[in-house]
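S.K.: I am attaching a structure below and will ask some questions about it afterwards.
Residue numbers (my numbering), protein chains in the order written: chain L, 8 to 632; chain F, 2 to 642.
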């Protein structure tokens with residue numbers, strides 16, 4: 008009769024750390040992203056749940072069927088008690104052992120069936136639950152990967168991660184504990200009510216009547232607890248944010264002696280959570296008292312009336328005994344109903360967030376009919392890039408790049424300079440197809456980037472960015488991201504070409520050093536070198552470097568430039584840099600300002616001129632003198 | 002997109018720190034849980050009362066069947082309506098008492114237990130803030146977070162339920178069994194039959210189950226890592242078109258997890274099958290035996306009804322023992338995990354560093370007030386003054402014992418008011434060296450003095466009030482721009498200091514933000530570009546007019562124009578501040594009066610930029626990328642092509 012976690016106490020959902028307080032904190036922006044409420048079409052949550060369950064309809068039906076049978080077996084007990092008292096005992100007095108043997112056999116059968124069915128039910132339900140979770144996890148993962156970089160920049164990593172962890176987790180709790188609990192409770196209510204009505208419609212009617220105040224209580228609790236729980240999850244989210252922020256920023260915390268101030272801030276947040284946590288527990292206490300009072304009063308009333316009628320002779324004693332046994336079972340699961348409501352509420356909120364995420368359409372979709380790049384035009388591996396009347400603005404408005412056209416001949420190395428916000432990175436991202444242009448086309452040897460499937464696109468264009476993220480695994484694994492099928496020799500050759508071999512060889516296990524393990528300290532500059540080795544290994548036709556040398560020292564930068572001149576010779580390259588030393592290797596320089604290309608020429612031409620680049624270059628050379 | 006590890010409430014253990022836990026796991030559940038006593042002590046009276054009340058309520062529940070028996074055998078059999086009324090009244094009163102007692106119990110413990118949880122969390126936070134930076138290097142914030150949330154929640158639940166109910170259910174079972182045996186000892190024994198087998202099976206399954214559960218937890222952790230990395234590294238994945246290999250890794254892990262979860266579910270199903278079947282069989286047997294006795298007249302019908310009611314009432318306490326023990330096991334693991342962190346030693350200070358310590362407080366205040374006075378007022382003769390490294394040797398505490406230290410022998414003297422640039426190849430230990438000054442890491446050997454005082458003799462509080470730092474990775478906290486910058490100043494700093502600092506760091510953009518310097522930034526607020534964050538971090542470092550300034554590559558994310566403007570303003574600040582500046586580029590080096598070259602764990606050369614450029618080949622190489630002597634003529638053509 009009881010599911011595994013029967014009185015498992017209420018759990019708080021350590022909720023999405025980015026949800027609640029963000030609303031309070033960000034006053035300025037009225038953006039759906041900032042408030043973490045991505046629009047999802049009405050009914051999307053229900054539709055999502057249905058679409059998850061639909062493929063396993065047969066199993067769901069089987070699970071419910073198993074539970075129906077299991078409950079039938081469990082609820083047969085008291086009925087057999089009634090039969091034993093009212094029929095088997097008198098029969099026994101007449102030396103008729105038949106009924107008693109029947110009762111014994113029936114009870115044994117029911118017990119065994121209840122156990123076996125319980126096993127089958129839990130196993131079947133777990134199968135459904137796990138398949139749903141597997142499906143959902145996969146959908147979120149694939150969808151997040153398919154969404155454009157533009158989306159990722161605005162949605163923030165923390166939110167995306169909590170979608171696929173905490174939010175999936177709260178659905179798991181609902182499925183594992185809540186849902187089967189609810190079905191069990193409802194089924195046992197229905198069964199018992201029906202049995203009571205069948206045993207004696209009067210007693211049954213009183214029991215059914217008691218559902219009315221109970222239902223009111225549940226609704227009341229649902230409303231009140233809902234409020235408290237929302238407050239609590241906001242409170243715990245604030246605690247989590249403060250906690251994580253402190254731990255991630257431990258160096259500045261220590262250096263600026265923030266410990267005491269942080270303790271005080273944390274105490275306030277922690278206390279707020281303590282209050283709401285206490286409130287939630289008290290709300291539960293009230294509900295338990297209320298429902299128990301109703302239940303026990305109902306039991307007393309039914310027993311009174313039943314006993315009265317047994318005394319009258321209008322009711323059999325066995326029926327009263329069975330009714331009393333059923334009543335105990337009837338009211339047992341009310342507490343658990345309260346807990347189910349909690350997990351349902353948090354799961355519904357989570358599902359809604361997930362549905363909102365899944366409703367986002369990738370702004371950089373894969374082509375329906377992918378094309379292939381034409382064979383290289385010359386013996387050089389580089390390809391020609393054409394921006395054909397391209398303009399770009401974010402979907403939220405504001406034009407970043409006004410309409411422009413630009414041709415980069417195959418094999419040319421182009422440096423793009425300009426101040427922050429001039430649009431250099433946007434240009435690079437359009438070329439890498441992290442974004443699609445709002446108007447116009449980006450062509451690679453005459454083929455629109457939008458017509459290329461991902462593998463083909465990445466043979467054509469690879470972009471190395473400033474943040475050289477390392478995946479868990481060895482250094483060699485990380486370099487092999489550039490070309491997974493590369494041999495160890497090729498990996499080492501790439502590392503050597505970029506000047507990363509020496510530091511890698513000096514790590515505890517050389518190329519096999521796990522970057523997340525002890526002793527695997529790798530500085531920002533070294534990480535950038537690993538990033539370059541990846542690019543070298545990928546060997547693309549067009550290479551984009553977006554601030555990819557910012558943490559390197561000058562010799563490191565030189566090694567990169569040497570590698571580009573030798574290993575990547577003949578490739579088309581676009582180099583974005585703050586530092587002019589990077590520009591030295593360029594065949595051509597573009598100076599950007601406010602989204603427009605304001606100067607375009609060879610370095611020597613521009614240096615000889617009187618434009619912005621000439622000014623910058625002079626200032627820089629002075630620093631070396 | 003934030004590049005720092007994202008906060009997840011991942012409950013999965015991280016392999017590295019968890020490895021240390023194996024021996025801990027061996028010691029018993031009880032011993033682990035006993036460590037909770039100091040936290041439970043303050044609420045022991047309430048908890049004790051609550052347990053007593055719960056026992057009382059359970060006993061009330063057990064009396065109800067007896068009243069039933071009395072009614073069936075007495076008034077009902079005698080056809081006495083008045084007696085029936087009385088019996089029902091008793092039932093009602095007992096029912097009300099049971100409900101109120103259970104409610105009272107919950108009311109008693111609700112606030113105290115929330116308090117215990119909050120207290121433990123506050124202690125954890127407090128402790129973590131004071132653990133060495135090296136500790137934080139090893140532990141992912143997600144791991145620490147799961148200790149501060151999920152684990153503490155498990156502990157609260159343990160105190161609320163298993164701790165009380167293991168006792169309560171034990172007592173209830175004893176009393177119930179007693180009642181049954183008194184009523185009819187044969188029937189009692191029949192009912193009691195499966196109790197022991199049930200407990201034994203529970204014990205066996207529990208062990209298997211907890212092993213599988215642990216494995217599932219680990220696999221969830223691995224899966225979370227893939228998810229985290231696929232989000233944090235999205236640009237690389239997209240840049241190289243590696244969706245498929247990530248998706249494959251995810252697919253494999255999530256399928257493995259599903260398999261483990263299913264195994265877990267089957268074990269659970271088996272436990273429940275046993276728990277459902279055995280007691281039910283016993284009740285069936287009791288029913289048959291009882292019916293025979295009633296037919297023989299050896300037993301009253303009322304007694305049989307009461308007996309079966311009692312047996313039913315006891316079913317729950319017996320069944321629950323299994324999961325109560327499982328919860329205790331989980332709580333014990335959570336306790337171990339919690340104390341794993343709490344047992345790590347905080348940095349000891351020569352001067353006891355306590356917030357309430359008036360001495361430290363006064364010293365810190367003195368330090369702060371000194372800061373407002375003009376620079377160059379050294380306490381000690383200038384010869385000994387400034388920032389001095391004497392034979393400093395440093396090896397990371399987690400490095401292999403025999404390995405060469407990262408810094409072998411650092412000797413460097415920065416005169417009072419002087420600014421020194423620190424130059425070295427990638428990975429030469431520049432950042433590490435700067436971390437030694439505010440004692441974020443402790444020197445392995447040798448000493449560092451500030452105006453003649455060994456930093457090891459200063460309290461960290463005092464030391465850090467004298468030294469301001471700007472880190473390579475500029476971290477802003479969830480607070481307003483103004484608060485973030487003023488963190489670097491002493492008490493009482495206001496608008497004026499803020500404006501000055503923002504002006505120096507060329508961070509005037511802050512005034513143009515939606516709410517000016519009152520705009521929220523950080524994870525919860527407006528996201529700023531790397532260059533903007535770097536400038537705010539710089540403003541934070543200079544706002545308190547510190548005597549010593551440590552800047553780790555403070556201008557790397559700035560474009561050329563901004564860099565030039567910051568440099569101009571920074572020069573004025575540096576004119577009379579003792580400063581150590583990590584630099585990669587000549588433009589940054591030129592901020593400083595002199596340059597020190599860090600090479601192979603030592604300071605290989607000290608001099609002005611131009612001196613070193615002429616005389617030191619390694620320096621010239623680092624600054625210009627050339628192998629020989631660097632002058633700007635040679636540089637132009639010699640880019641290695």
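Cβ atoms here follow ideal geometry from the backbone N, Cα and C, with glycine treated the same way.
#1: Going along the chain, which residues of the stretch 117-147 of chain L sit with their C-beta nearer than 7 Å to a C-beta in chain F?
#2: 8 Å is my cut-off, CB to CB: does residue 356(L) come that close to chain F?
#3: By alpha-carbon positions, which one of 507(L), 85(L) and 349(L) ends up nearest to residue 324(L)?
#4: Scan the stretch 51-74 of chain F for residues whose Cβ lies nearer than 7 Å to a Cβ of chain L and list them as they occur along the chain.
#5: Rounded to whole angstroms, what is the Cα-Cα separation between residue 442(F) and residue 351(L)?
#6: According to DSSP, is residue 123(L) helix, strand or coil?
#7: Report the rounded CA-to-CA distance for residue 484(F) versus residue 58(F), giving the unit in angstroms.
#8: For residue 378(F), which residues from the same chain have a beta carbon less than 7 Å from its beta carbon, with the 5 sequence-adjacent residues on both sides left out?
#9: Excluding sequence positions up to five away, which residues of its chain have a Cβ less than 7 Å from the Cβ of residue 431(F)?
#10: Under a CB-based cut-off of 8 Å, is residue 599(L) close to chain F?
#11: Who are the neighbours of residue 108(F) on chain L, taking C-beta pairs under 8 Å?
#12: The beta strand (DSSP E) spanning residue 398(L) covers which residue range?
#13: Using a beta-carbon distance below 8 Å, is residue 126(F) in contact with chain L?
#14: Can you check whether the C-beta of residue 54(L) is within less than 8 Å of a C-beta belonging to chain F?
#15: The stretch 230-250 of chain F: which residues have C-beta closer than 9 Å to a C-beta of chain L, in chain order?
#16: Could you tell me the distance, in whole angstroms, from the CA atom of residue 459(F) to the CA atom of residue 153(F)?
#17: I'd like to know whether the C-beta of residue 300(L) is nearer than 8 Å to at least one C-beta of chain F.
#18: Can you tell me which of 614(F), 266(F), 203(F) and 106(F) puts its alpha carbon nearest to the alpha carbon of residue 169(F)?
#19: Just checking my contact of residue 390(L) with residue 398(L) at CB under 8 Å: how many whole Å lie between their CB atoms?
#20: What does residue 622(F) touch in chain L if you count any residue whose Cβ is under 7 Å from its own?
#21: Which residues, taken in chain order from the stretch 90-105 of chain L, show a beta carbon closer than 7 Å to some beta carbon of chain F?
#22: Answer yes or no: does any C-beta atom of chain F fall closer than 8 Å to that of residue 270(L)?
#23: Indicate the three-state DSSP secondary structure (helix, strand or coil) for residue 344(F) in the structure shown.
#24: Counting only C-beta atoms, is residue 242(L) closer than 8 Å to chain F at any point?
#25: Between residue 103(F) and chain L, is any beta-carbon pair separated by less than 8 Å?
#26: Can you find a C-beta in chain L that's less than 8 Å from the C-beta of residue 558(F)?
#27: Does DSSP put residue 150(L) in a helix, in a strand, or in coil?
#28: Between the C-alpha atoms of residue 468(L) and residue 438(L), what's the straight-line distance to the nearest angstrom?
#29: Cα separation between residue 210(L) and residue 261(F)?
#30: Taking only beta-carbon atoms, is residue 378(F) less than 8 Å away from chain L?
#31: Please report the distance separating the alpha-carbon of residue 30(F) from that of residue 213(F).
#32: Would you call the stretch 91-110 of chain F in contact with the stretch 288-308 of chain L, where contact means no fewer than 3 C-beta pairs closer than 8 Å?
#33: Can you pull the chain L residues whose beta carbon is under 7 Å from the beta carbon of residue 285(F), in chain order?
#34: Which bits of chain L does residue 190(F) rub up against, with CB to CB less than 9 Å?
#35: Just how far apart, CA to CA, sit residue 335(F) and residue 156(F)?
#36: Chain L partners of residue 488(F), CB-CB under 7 Å?
M.R.: The answer reads as follows:
#1: Under the 7 Å Cβ criterion, the stretch 117-147 of chain L contributes 118, 119, 121, 122, 123, 125, 126, 129, 130, 133, 134, 137, 141, 144 and 145.
#2: Residue-level contact check: residue 356(L) does not touch chain F, since none of the beta carbons of chain F fall below 8 Å from its beta carbon.
#3: Answer by Cα proximity: 85(L).
#4: Of all residues in the stretch 51-74 of chain F, 69, 72 and 73 have a Cβ within less than 7 Å of some Cβ in chain L.
#5: Straight-line Cα distance between these residues: approximately 48 Å.
#6: It is helical.
#7: Taking C-alpha positions only, residue 484(F) is separated from residue 58(F) by approximately 54 Å.
#8: Note that residue 378(F) has pLDDT 40, beneath the 50 cutoff, so the model's placement of it is unreliable and the number below is only indicative. Cβ within range, chain order: n/a, list empty.
#9: Excluding sequence neighbours, residue 431(F) sits near 423, 425, 583 and 599.
#10: At a cut-off of 8 Å between beta-carbon atoms, residue 599(L) makes no contact with chain F.
#11: Under the 8 Å cutoff, chain L gives 289 and 292.
#12: It spans 392-400 - the beta strand (DSSP E) in which residue 398(L) sits, taken as one unbroken run.
#13: Against chain L, the CB of residue 126(F) has a partner CB under 8 Å away; the residue lies at that interface.
#14: No, its Cβ sits nowhere closer than 8 Å to a Cβ of chain F.
#15: Listed by position, the residues of the stretch 230-250 of chain F near chain L (Cβ gap below 9 Å) are 230, 231, 232, 233, 234, 235, 236, 237, 238, 239, 240, 241, 242, 243, 244, 245, 246, 247 and 248.
#16: Straight-line Cα distance between these residues: approximately 36 Å.
#17: Answer yes: the Cβ-Cβ gap between residue 300(L) and chain F drops below 8 Å somewhere.
#18: Across the set 614(F), 266(F), 203(F) and 106(F), the C-alpha of 106(F) shows the shortest separation from the C-alpha of residue 169(F).
#19: Your pair residue 390(L) and residue 398(L) does not check out as a contact, with CB atoms roughly 23 Å apart and the cut at 8 Å.
#20: Taking a Cβ-Cβ threshold of 7 Å, the residues of chain L close to residue 622(F) are 562, in chain order.
#21: From the stretch 90-105 of chain L, only 91, 92, 95, 96, 99 and 100 have a Cβ closer than 7 Å to chain F.
#22: By this cut-off, residue 270(L) is an interface position.
#23: Coil.
#24: With respect to chain F, the C-beta atom of residue 242(L) has no partner C-beta closer than 8 Å.
#25: Residue 103(F) counts as touching chain L.
#26: Output row for residue 558(F): interface = yes.
#27: Helix at residue 150(L).
#28: When only Cα atoms are considered, residue 468(L) and residue 438(L) end up about 8 Å apart.
#29: Residue 210(L) and residue 261(F) have their C-alpha atoms spaced approximately 47 Å apart.
#30: Confidence in residue 378(F) is poor, its pLDDT being 40 and thus under 50, which makes the residue's placement unreliable; the coordinate value appears in the next sentence. Output row for residue 378(F): interface = no.
#31: Distance between residue 30(F) and residue 213(F), taken at the CA atoms: about 18 Å.
#32: The stretch 91-110 of chain F makes contact with the stretch 288-308 of chain L: 3 or more CB pairs, one atom from each, lie closer than 8 Å.
#33: Within 7 Å Cβ-Cβ: 111, 114, 115 and 118.
#34: Within 9 Å Cβ-Cβ: nothing; residue 190(F) doesn't reach chain L, min ~17 Å.
#35: The alpha-carbon separation between residue 335(F) and residue 156(F) amounts to approximately 7 Å.
#36: Per Cβ cutoff of 7 Å: 263 and 265.
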